[in-house]
Amino acid sequence: MKRLSFPAIGSLIRLGILVAGISLTLQALGSPSKRPISFVAGASRPLKITCLTIGSRGDVQPFIALGLGLQQDGHIVTIATHLEFKDLIEDSGIGFRNIGGNPQELIKHCVEYGFFSPEFYIEGYTKFREWVDELLITVPAACQGTDVLIESPTAMMGIHIAESMKIPYFRAFTMPWTPTTEYPHPFAVTSQQLGKYYNRMSYTMFNYLIWKGIESKVNKWREKKLKLKPTSFAKLRTADIPYLYNFSEHIVPKPHDWSDKTHITGYWFRDQQKKSDQKKIEESIPLDLRSFLQKAKDNGKKVIYIGFGSVIFPNAEEVQRKLEKAVRKAGVWAVVSGGWSDMKPLEKDLESVGSSRSQDTPIHYVGAVPHEWLFSQVDATLTHGGAGTTAASLRAGIPTLIKPFFGDQFFWAKLVKKMGVGGHVKKFKVSELARAFRIATTNREQIWRAKKIGEAIRKENGVRTAIQKMYKDMDYARRLMMVGLGQDDYGPIPKFPREKVYSWLKQFLQDEKASIHLLLLCILRALQYYSTQQQALGSNNQNLQPPLQSTLAWNLTASIANQPPLSTLLTT
């Protein structure tokens, strides 16, 4: 028998190491088929992709559009969300899994208390802690067997599931969620610009507060159910996660400090994918609505769409009366969508409000009508400023009026006003509403700007762009979950500027509309930290207390004082 030379033995050893390495890699990848997945269109086998989201229809609709695009590439898509949207999803030809929760109750809570008030967290914890417990059971079941997980960050649990399954994990959202110095968190918009330090810190603080509310439950769940070690806010590494933002760079340009794994893809509209939907939409339009719009056109009247989507008014009747008066005062006609408040013609005013009984009146109430069709038939919109509704209005190329109530709605209201493509309605007064209606239907510059923005958005294909970005980042997204959640979350953050503390506090306290806001929480945490360290504030100011109007916020701040010092989040 011929003896092997040393070079030959070395080659065999290298070959053995290579084979062993490949074998271990395939096991570590952990896909259901125990082999690597080809992440391109026309893959060797379809991918099972789960989209996880909570909230209103505006949070679900973009995932339907994305799902249809992924299915065109041969993949199997499931959307995991509230039971309320089961029919909407399944009628689109996409799989559905229920994760529980009542979206109407969630939205009602947000409208009633607003974000960042002590009541929001205290009442919310009491009201929704059972739902969090439910999510810890339903989300793993909904994600079982999936190859890829795409989650809106508000769903919170998906990142832990992806880590346990070692599968690619993406976040997708309708609003900016990645820290930047260019603008504040959409839930932390103030009436005044407070600079880059506040902007960046607002993301950190918002996510920190949310995490502290679920940290204990999540870590117990990670250990018992997912067999993972406990994690912390600093270890979640959300800044490293690839993001697919479904809005347009024409509306929100990409900040300079976002990574190349954070993508603004353009809006996700379902009619970008299925041309056959157009015929179905046309057939679904009620005849009385068509007749109303035609009559308005024949009479030379401008038509405003009015709809507040998921906002639930405790005083819907009063809201309707103000809207009706404003419409008549402005000399326009209006199509009013009932939404979750279920607004409809008031019984005693049927003949004067507009209904199937009377087609010559200036107001017509409708149920659910596809925005992509309706907005192309009207001259302007007044909405609550939900991301999806705002996107549809901007895409239609018509002036967009926003009366915000909570959350990111203020972000979009401020943006459309700044761009000159609409207006921010601040008070629900007849005079202010009527003035906004007149400007939106007669101001040539606003109408022209809105038209140009609409043309630019319609040239985009956000769904296709998002899918291509997914394919490109798929291996990175998998590696991130294989490594685990173990590095600092937001990376280097500029040192907190002590000299700005007083100027920020002064600006904030002069802002009557701010009330109890995230800004105060941030400032008070900073003041608290520097006071205990006897830095910057000086001996005469170490006992600085906020005015009485902010006592509740101060108490809330003090209640979390036993947490690790915020300095770790504010310094390099």
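For the record, in the sequence shown the residue sitting at position 489 is 489 according to full-length UniProt numbering, with numbers rising by one throughout. Each residue gets a CB set at the ideal place from its N, CA and C atoms; glycine is no exception. Fair warning: this is a prediction, and the values are worked out from it, not measured in the lab.
Is it buried or exposed, residue i, if we count other Cβ atoms within 10 angstroms and call 16 or more buried?
i	result
Leu194	buried
His250	buried
Val483	exposed
Asp408	buried
Gly398	The question names Gly, but residue 398 in the sequence shown is Ile. Buried, because 16 or more other Cβ atoms sit within 10 Å of the Cβ of Ile398.
Lys212	exposed
Tyr197	buried
Tyr476	exposed
Glu324	buried
Pro286	exposed
Arg129	exposed
Asp379	buried
Gln192	exposed
Lys220	exposed
Arg444	exposed
Ser232	exposed
Ser92	buried
Trp448	exposed
Ala65	buried
Ala155	buried
Lys224	exposed
Ala440	buried
Gln533	At Gln533 the pLDDT is 38, less than 50, meaning the model places this residue with poor confidence; the figure from the coordinates comes in the next sentence. With fewer than 16 other Cβ atoms within 10 Å, it is exposed.
Suppose the cutoff is 7 Å on Cβ atoms and the five residues either side in sequence are ignored; what does the same chain contact list for residue i look like?
i	result
Gly538	Low local confidence applies: a pLDDT of 37 at Gly538 is under 50, so the model's placement there is unreliable, with the coordinate-based value given in what follows. Closer than 7 Å at Cβ, skipping near neighbours: no residue.
Ser431	none
Ala330	Ala434, Phe437, Arg438
Gly67	Cys51, Val77, Ile79, Ile94
Phe63	Cys51, Thr53, Ile79
Alpha carbon to alpha carbon, how far is residue i from residue j?
i	j	result
Gln377	Phe85	27 Å
Arg395	Leu228	44 Å
Pro255	Thr262	10 Å
Val421	Ala450	5 Å
Lys429	His384	15 Å
Gln320	Gly55	25 Å
Val327	Ala391	24 Å
Arg45	Asp147	11 Å
Tyr471	Leu47	12 Å
Met165	Cys143	10 Å
Gln446	Met419	9 Å
Lys427	Pro140	43 Å
Glu455	Ser216	48 Å
Arg479	Ile161	15 Å
Ser291	Pro184	45 Å
Ile264	Lys469	10 Å
Asn199	Thr389	25 Å
Asp133	Ile214	10 Å
Ala188	Lys417	18 Å
Lys322	His371	24 Å
Ala413	Asp298	32 Å
Thr381	Asn207	32 Å
On a CA-only basis, which of the options is nearest residue i? Give me that one, please.
i	options	result
Gln288	Ile304, Cys143, Ile363	Reading off the sequence, residue 288 comes out as Asp, not Gln. It is Ile363 whose Cα lies nearest to the Cα of Asp288.
Leu293	Leu244, Ile281, Val366, Lys217	Val366
Met175	Thr138, Leu236, Tyr245, Ile210	Tyr245
Val77	Thr50, Gly55, Phe313, Gly58	Thr50
Gly338	Val132, Thr53, Phe308, Ser259	Phe308
Ile99	Val148, Gln71, Met157	Met157
Thr204	Pro186, Ala434, Ser191, Ala477	Pro186
Phe269	Phe437, Ala387, Val335	Ala387
Ala239	Pro253, Lys322, Ser259	Ser259
Gly266	Val252, Ile281, Ser248, Gly145	Ser248
Gly300	Thr442, Met201, Phe173, Leu70	Thr442
Glu151	Val332, Phe173, Pro179	Phe173
Leu374	Val425, Lys459, Ser284, Val332	Ser284
Indicate whether at least one CB of chain C lies closer than 9 Å to the CB of residue i.
i	result
Leu323	Of the chains in the structure shown, none is chain C; there is only one protein chain.
With a threshold of 8 Å on Cβ separation, who are the neighbours of residue i within its own chain once the five nearest residues in sequence on each side are excluded?
i	result
Glu163	Tyr169, Leu226, Leu228, Met481, Gly484, Leu485
Ile453	His250, Ile251, Leu394, Gly397, Met419, Val421
By Cβ distance, which residues of its chain are closer than 6 Å to residue i, with the 5 residues on each side in sequence left out?
i	result
Pro242	Phe170, Lys261, Asp473, Ala477
Ala334	Ile304, Ile306, Val327, Ile363
Trp131	Gly101
Discussion item. Report the start-end ranges of each alpha helix (DSSP H) in the segment 404–438 that is 4 residues or longer and not cut off at the edges.
Written reply: Listed in chain order, they are 409–419.
Worksheet item: Where are the alpha helix (DSSP H) runs, 4 residues long or more, that stay fully inside the segment 177–220, in chain order?
Response: none
Worksheet item: Can you give, in chain order, each stretch of the beta strand (DSSP E) that sits fully within the segment 276–335 and has at least 3 residues?
Response: Along the segment 276–335, the beta strand (DSSP E) occurs as fully enclosed runs of 3 or more residues at 303–307, listed in sequence order.
Practice prompt. Could you tell me which uninterrupted beta strand (DSSP E) segments, each at least 3 residues in length, are contained entirely in the segment 125–160, listed from first to last along the chain?
Written response: 148–151
Worksheet item: Where are the alpha helix (DSSP H) runs, 4 residues long or more, that stay fully inside the segment 433–467, in chain order?
Response: The qualifying runs are 444–458.
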